[in-house]
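Enquirer:
Numbering (this note's numbering), first residue to last: 46 to 324.
In structure tokens, the structure reads:
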């Protein structure tokens, strides 16, 4: 049976199927959502459906996602809010790494204020800034941890070598990389995280693309399970490794409810192998 929970950093247990709060902003992840009330409903419905791990970032909006989370869910009883800093925004779909220590500190303190928290349970470096020594970037997050402002530190879009370098500076409890049924470019990173007990958070987890075409193997398996291709893709991620924490995101209550149905699916060994061979 697939494990339904994962313990981040040895002391923070969450359900493995979470929610990614990027899509509750405007087009290009910029500005407010077209339907603010629906975004608030999505957040509240996610918690009603049992989600207790919500992933966001200061750059989503920017700031809009964190503000909506606060409005919808504060004081977060039984819900872990993870956020990130290290990317600045200059417009829709524009992202630029900035890892200067003073900037990372500023953004962490602002996230605390926007979210209404005294401590952020999981604070992730959204990107490593190649212009700033890694020891300076993670050293600042380590200081924030030592001050009690953050609990655990994670990374995003990194290689195995970068994780190993980072772990020489500070404990790393999660890694968030692009990974899904159709894109396995981070396979080595996932394998490393599994060996080391590090949570692996796949972003863009719902990409099925051409694999979902009628008559294909994914479509066949979905029909066998009386499920949708997206639900099967999420079920495959949950089965792929016990350290995987999928965070499908949506701005629609209907799509949210569909996504959460993946937690009830059980793939047979044959179905899992067939899906694994599709990429």
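Just so you know, even glycine gets a beta-carbon here, dropped at the ideal spot from N, CA and C. What you are looking at is a predicted structure, and each value in this text was computed from that prediction instead of being measured.
Excluding the 5 residues preceding and the 5 following residue 107 in the sequence, name in chain order all residues of the same chain whose CB lies nearer than 6 angstroms to its CB.
Expert: As a first step, residue 107 must be located in the chain shown, where it is residue number 62. Excluding sequence neighbours, residue 107 sits near 134.
Enquirer: With DSSP run on the structure shown, which of helix, strand or coil describes residue 289?
Expert: Taking the chain shown and counting its residues from 1, one reaches residue 289 at position 244. Looking at residue 289 - three-state DSSP - the assignment turns out to be strand.
Enquirer: Would you call residue 79 buried or exposed, if buried means 16 or more other Cβ atoms sit within 10 Å of its Cβ?
Expert: Looking up residue 79 in the chain shown gives position 34. Result: exposed.
Enquirer: Tell me the DSSP secondary structure of residue 86 in three-state form.
Expert: For this step, residue 86 is matched to residue 41 along the chain shown. Of the three classes helix, strand and coil, the one that applies to residue 86 here is helix, per DSSP.
Enquirer: Along the alpha helix (DSSP H) that carries residue 321, what are the first and last residues, could you check?
Expert: Along the chain shown, one-based indexing puts residue 321 at 276. Start and end: 314 to 321.
Enquirer: Tell me the rounded alpha-carbon separation between residue 300 and residue 87.
Expert: Within the chain shown, residue 300 is the residue found at index 255, counting from 1. Within the chain shown, residue 87 is the residue found at index 42, counting from 1. Cα-Cα distance, rounded: 9 angstroms.
Enquirer: Taking DSSP as the reference, what is the three-state secondary structure of residue 65?
Expert: Taking the chain shown and counting its residues from 1, one reaches residue 65 at position 20. Residue state, collapsed to three classes: strand.
Enquirer: Would you mind sorting residue 154 into buried or exposed? The rule is 16 or more other CB atoms within 10 Å of its CB.
Expert: Numbered from its first residue, the chain shown carries residue 154 at position 109. Residue 154 should be labelled exposed.
Enquirer: Within a Cβ cutoff of 8 angstroms, which residues of the same chain sit near residue 187, ignoring the five residues on either side of it in sequence?
Expert: In the chain shown, the residue the question calls residue 187 occupies position 142. Correct list, in chain order: 198, 214 and 215.
Enquirer: Is the Cβ of residue 206 closer than 8 angstroms to any Cβ of chain C?
Expert: Here chain C cannot be found, since the structure has a single protein chain.
Enquirer: Would you mind reading off the limits of the alpha helix (DSSP H) that contains residue 141?
Expert: For this step, residue 141 is matched to residue 96 along the chain shown. Residue 141 -> not in any alpha helix (DSSP H); beta strand (DSSP E) instead, spanning 139 to 142.
Enquirer: Could you give the C-beta distance for residue 335 and residue 211, rounded to a whole number, given that I count them as a contact under 8 angstroms?
Expert: Nothing about residue 335 can be read from this structure; the chain reaches only from 46 to 324.
Enquirer: In the DSSP assignment, find the unbroken alpha helix (DSSP H) run with residue 117 in it and report its ends.
Expert: One-based indexing of the chain shown puts residue 117 at position 72. Note, residue 117: alpha helix (DSSP H), 109 to 118.
Enquirer: Kindly give me the distance between the Cβ atoms of residue 98 and residue 125, rounded to whole angstroms, as I take these residues to be in contact under 8 angstroms.
Expert: Position 53 of the chain shown, counted from the start, is the residue given in the question as residue 98. Position 80 of the chain shown, counted from the start, is the residue given in the question as residue 125. With a Cβ gap of about 5 angstroms, residue 98 and residue 125 count as contacting.
Enquirer: Would you kindly work out how many angstroms separate the C-alpha atoms of residue 318 and residue 172, rounded to a whole number?
Expert: Counting from one through the chain shown, the residue named residue 318 turns up at place 273. Counting from one through the chain shown, the residue named residue 172 turns up at place 127. Taking the straight line from one Cα to the other gives about 33 angstroms.
Enquirer: Could you tell me the boundaries of the beta strand (DSSP E) in which residue 57 lies?
Expert: For this step, residue 57 is matched to residue 12 along the chain shown. Residue 57 -> beta strand (DSSP E) spans 57 to 60.
Enquirer: Within the continuous beta strand (DSSP E) that includes residue 244, where are the two ends?
Expert: In the chain shown, counting from the first residue as 1, residue 244 sits at position 199. It spans 244 to 248 - the beta strand (DSSP E) in which residue 244 sits, taken as one unbroken run.
Enquirer: Could you tell me whether the segment 232 to 248 touches the segment 256 to 275, using the rule of 3 or more Cβ pairs below 8 angstroms?
Expert: In short, these stretches do not touch, since the Cβ pair count stays below three.
Enquirer: Which value, in whole angstroms, describes the spacing of the CA atoms of residue 148 and residue 200?
Expert: Position 103 of the chain shown, counted from the first residue, corresponds to residue 148. Position 155 of the chain shown, counted from the first residue, corresponds to residue 200. Taking the straight line from one Cα to the other gives about 17 angstroms.
Enquirer: Pick helix, strand or coil for residue 255, following the three-state DSSP scheme.
Expert: The residue given as residue 255 occupies position 210 in the chain shown. Three-state DSSP puts residue 255 in a helix.
Enquirer: Residue 221 and residue 248: beta carbons closer than 8 angstroms?
Expert: Within the chain shown, numbered from 1, the residue matching residue 221 stands at position 176. Within the chain shown, numbered from 1, the residue matching residue 248 stands at position 203. The answer is yes: Cβ separation under 8 angstroms.
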